[in-house]
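Novice: Questions regarding the structure given below will be posed in turn.
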Amino acid sequence: MSKSILKEAFEIDSTLDACFTGGTIHWSKNGKYMFCKKYGAISVVSIEKGFTIKSFGETENQEDLDEVNCFALNNDDSHILAHCKSGLFKLWNIEENKLIKIWKSIHNGPVTNISYLNDHLMASGGSDGCIRLWDIQHQACLKLFKGIQGVISVLAFHPYKENLLFGAGDDTKIYGWDSDTGQQKILLKGHISKVTSLSFHVNGINLVSSGRDRVIILWDITTATAIRTLAVYEVIEGAFIVPYNTSLLSNVIKPEADSIYVATAGEKGLVTLWDITKCKQIYTQESSLITASKENGLSITHLLYNEAINNFAVVSADHNIIIYSMETFGCIKQIAGYLDSVLDITYVGEQDSHIAVASNSSDIKLYELNSMNCQLLCGHTDIVLSLATTLANRQLLISTSKDNSIRVWFLDKETKIMACIASAVKHTAAVGCVCISQLSAKFFVSASQDSCLKFWSLPENLSNSSDQINIESTYTVSAHTKDINSVAVSLNDEFIATGSQDKTAKLWSANNLQLIGTFNGHRKGVWCVRFSPIDKVLLTTSADCTIKIWSLHDLTCLKTFQGHESSVLKAEFMSRGMQLVTSGADGLIKIWCIKTSECTLTMTKHEDRVWGLTVSKDEKYIISGGSDSLLIVWKDATEEKKARIIKEKERIVLEEQKLANLLQANELTNALKIALELERPFQVLKIVEGILKKDKNDLQTTISGLTPSCKQVLLRSASKWNTNSKNAEAAQTVINVLISEMEMEDMKSTGLLSFLEGMIPYTERHFKRVTEHLKDIHSITYTINRMKPHVVICKTNKIGNSN
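Each residue of the sequence shown is one higher than the one before, starting from 1278 at the first, in the working numbering.
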């Protein structure tokens, strides 16, 4: 067996962040992008890639963010216009990602809706009940439309009659104005609750509106009368008229020329098709990837249609975006807009092709790693708490939830679709953790807040069949006195370990759940337990910030690792049991060497608790997820790091040889550049002194020809020389030249001002010493000059006496 290489470096390979956190969402005309509101900014999501490719309004510091209230795309998707919390309109060029215009909105409060007429005119509706028409080019308000009471909920220009502007507010009436004259032309009364959408027919006469009063209404806008009122028996959040020439459910209906078909979606989580002229339901989805809402809640918040690609999209209340074909009603793409808190992660599928994520939701998100396409696994009715898979069968996934249930899922190799093949409700409280047998996937164990540990049998030859299999609980024991946080099965399927909030871990026999022993030593609750893949030891992590390794023979503690500053939530063995990877409530992920008990690497990217941590089968990747809604893929960069070190050493050897040759040839200017690149401050000093001996002007010319990075190194080197009075002359000469060469802004951005501040005390000391020295010289000179007349007189007298 080949020797395992210890991991020394990990780099971020990719990051899956939120792309939609609720609020306004628009679909580009070509159907390739979704423009979503994200944490007060605007993100552009590639439907093909499934993640954000561009952002507008984002800032590095969250406190400086001018939060977007609402936004709209112009008619050719070239510009985004947004209203922000500051009360300003902001216009961005999408292609250049550039803010091009800003102006004040005048509205008394936030703007809730924006609608474009053309590239020059747009309308804004606010919480003040006012609608304003704007000249975008001159940022001028042209007209004010009044009449609506309360917050503007819907605002739209008629696409086939450009001079008509429609709006609705809290008074449930639909108003229509002539945008040229500003006069109210239409008033539609029929809804008794908030109007949620308006959809215009191509004939220019008919309008369909939906509302939370559980009806959709077909209007004739020429006579301002309701032609049909259709009860749909659910709160409707979105509706659109299906174009007549659309390929629509060819196997179900034959479109009729005199019929108007409307698609609706709302609290039931299903998209339904209606013939509103005949007041009948044509088709409804048999099942949905969106869970039906609870009482007084929302299930679908947006329903969007894209005519260019004949697809429609539904947006769920928990920020998932699901795209369907209008022709077949089949799901084309699923995008998880917001992960929320990631509670658990595990690899699934052959060659670790997928990851399953439990993220504070009743749905499990299954990502295909190659495309990041997301499949929502629906079935649980409350938050999913734990996920488990096994090396014996990577197509098998087991999930547990707050709904007290356990579900078994199976991934089909061909279709890459995962389906639930079994479920059971035997626990009396939330099931917090689960683990599958490692050797042959014949059983799994689960633990719950009811303090019970259950042993379940699994049948052989599991498959993704339509008939659900039966799973039974074989053994049940009351394992701990408090909540059980973690459960693990040894690699030989002989032992089971549990960790609990009662500060203990326990070892059980996998044959009949007989207690073998208890591990006592942690001062707080145990968060995670793991068996070593090689040695007969057990790993435990705790809220007391420590990690311990215990002997399975005598249940004694062999090692204690300290380094995390808060609870250690998750841990996994790596490198054939020679290393550990741990994650904590401090947001840090640490790699430990078991032999030395030292932390060899700390990875810092998460800003909150890291609950989810999983290692790929080949140990080339680690995936972490936490309460900060980040899912990070870390790649093993040990080999790359070693290759970079070797390459750097070779480069340094070559550069040193080149430097020696230049010094031998007395080519000091070129030698200075290489010495600066190698960052050898005292070798640089010798070269500078050599240049000064030749000519001071040569030094200034040489420094002028240096790159900005070399000048920075030279300034840092000069600050070191300046600490010694012997080198003060060379240091002060170089500093004087550099200050005249470098801009103050460059010094601020590169942090060199701190070096200048540090040089001031030494420079003052040198100045004082030189001043005192000059005083002494002038004193000696003065004394000598004063002595000269006396010497002449003495000599003269001596000559006279001799005569």
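The beta carbon of each residue, even a glycine, is placed where N, CA and C say it ideally should be.
1) Label residue 1959 either buried or exposed according to how many other C-beta atoms from any shown protein chain fall within 10 Å of its C-beta, with 16 as the threshold for buried.
2) Nearest to residue 1626 by alpha carbon, out of 1692, 1798, 1615, 1603?
3) Please go through the same chain and pick out, in chain order, the residues whose beta-carbon is closer than 6 Å to the beta-carbon of residue 1731, but skip the five residues on each side of it.
4) Return the residue from the list 1422, 1400, 1931, 1431 that minimises the CA-CA distance to residue 1413.
5) So residue 1922 is in the alpha helix (DSSP H); what residue range does that whole segment cover?
6) Do residue 1713 and residue 1667 have their C-beta atoms closer together than 9 Å?
7) Say whether the segment 1506-1514 touches the segment 1448-1466, bearing in mind that this needs 3 or more beta-carbon pairs closer than 8 Å, one atom from each stretch.
8) Can you tell which of 1449, 1427, 1382, 1432 has its C-alpha closest to the C-alpha of residue 1411?
9) Is it buried or exposed, residue 1831, if we count other Cβ atoms within 10 angstroms and call 16 or more buried?
10) Going by the DSSP bridge assignment, what does residue 1712 pair with across the sheet?
11) Among the candidates 1387, 1605, 1458, 1396, whose CA atom is the shortest distance from the CA of residue 1422?
12) What's the C-alpha gap between residue 1913 and residue 1878?
13) Below 6 Å CB to CB, which residues in the same chain sit around residue 1997 once its five sequence neighbours on both sides are set aside?
14) Among 1432, 1582, 1955, 1332, which has the Cα closest to the Cα of residue 1930?
15) Is DSSP giving residue 2009 helix, strand or coil here?
16) Could you tell me the distance, in whole angstroms, from the CA atom of residue 1601 to the CA atom of residue 1443?
17) Check this for me: beta carbons of residue 1282 and residue 1915, under 9 Å apart or not?
18) Would DSSP call residue 1980 helix, strand or coil?
19) Grab the span of the alpha helix (DSSP H) containing residue 1738 for me, first residue to last.
20) Where do the ends of the alpha helix (DSSP H) carrying residue 1577 lie?
21) Taking only the alpha-carbon atoms, compute the straight-line gap between residue 1397 and residue 1351 and give it to the nearest angstrom.
22) Using the Cα positions of residue 1313 and residue 1322, report the straight-line distance between them to the nearest angstrom.
23) For the putative contact between residue 1316 and residue 1295, defined by C-beta atoms under 8 Å, what is the C-beta separation to the nearest angstrom?
24) Indicate the three-state DSSP secondary structure (helix, strand or coil) for residue 2044 in the structure shown.
25) With H, G and I counted as helix, E and B as strand and the rest as coil, what does DSSP make of residue 1615?
26) Could you tell me the boundaries of the beta strand (DSSP E) in which residue 1328 lies?
27) What does residue 1303 pair with, by DSSP beta-bridge criteria?
28) Identify, in the order they occur along the chain, each residue of the same chain with its Cβ nearer than 6 Å to the Cβ of residue 1547, setting aside the five sequence neighbours on each side.
29) Taking the alpha-carbon positions, what's the residue 1390 to residue 1358 distance?
30) Three-state secondary structure (DSSP) at residue 1320?
31) Bridge partners for residue 1745 per DSSP, in chain order?
32) Would you kindly work out how many angstroms separate the C-alpha atoms of residue 1678 and residue 1700, rounded to a whole number?
33) For chain C, check one thing: does any of its Cβ atoms lie closer than 9 Å to the Cβ of residue 1932?
34) What did DSSP end up calling residue 2039 once you bin it into helix, strand or coil?
35) Secondary structure at residue 2059, three-state DSSP: helix, strand or coil?
36) Pick from 1868, 1908, 1993, 1894: whose alpha carbon is nearest that of residue 1883?
Specialist: So, from the listed chains and residues:
1) exposed
2) 1692
3) 1723, 1750, 1753
4) 1400
5) 1915-1941 is the span of the alpha helix (DSSP H), which, as asked, contains residue 1922.
6) yes
7) no
8) 1382
9) exposed
10) Beta-bridge pairing links residue 1712 to 1722.
11) 1458
12) Cα to Cα, residue 1913 sits roughly 12 Å from residue 1878.
13) 1958
14) 1955
15) helix
16) 29 Å
17) Residue 1282 is a Cβ neighbour of residue 1915, given a cutoff of 9 Å.
18) Taken through DSSP and simplified to helix, strand or coil, residue 1980 comes out as helix.
19) Per DSSP, residue 1738 belongs to no alpha helix (DSSP H) and is neither H nor E.
20) Residue 1577 -> not in any alpha helix (DSSP H); beta strand (DSSP E) instead, spanning 1577-1583.
21) 10 Å
22) 7 Å
23) Residue 1316 to residue 1295, Cβ: 7 Å. Contact.
24) helix
25) In the structure shown, residue 1615 falls within a coil segment according to DSSP collapsed to helix, strand and coil.
26) 1328-1333
27) For residue 1303, which the question treats as bridged, DSSP gives the partners 1312.
28) 1561, 1562, 1565
29) If you take the alpha carbons of residue 1390 and residue 1358, they lie about 11 Å apart.
30) In the structure shown, residue 1320 sits in a strand (DSSP, three-state: E or B).
31) DSSP, once it has assigned bridges, lists no residue as partnering residue 1745.
32) The straight-line gap from Cα to Cα measures roughly 11 Å.
33) Reference to chain C is not applicable here, since this structure consists of a single protein chain.
34) helix
35) helix
36) Selected option, being the one with the closest Cα: 1908.
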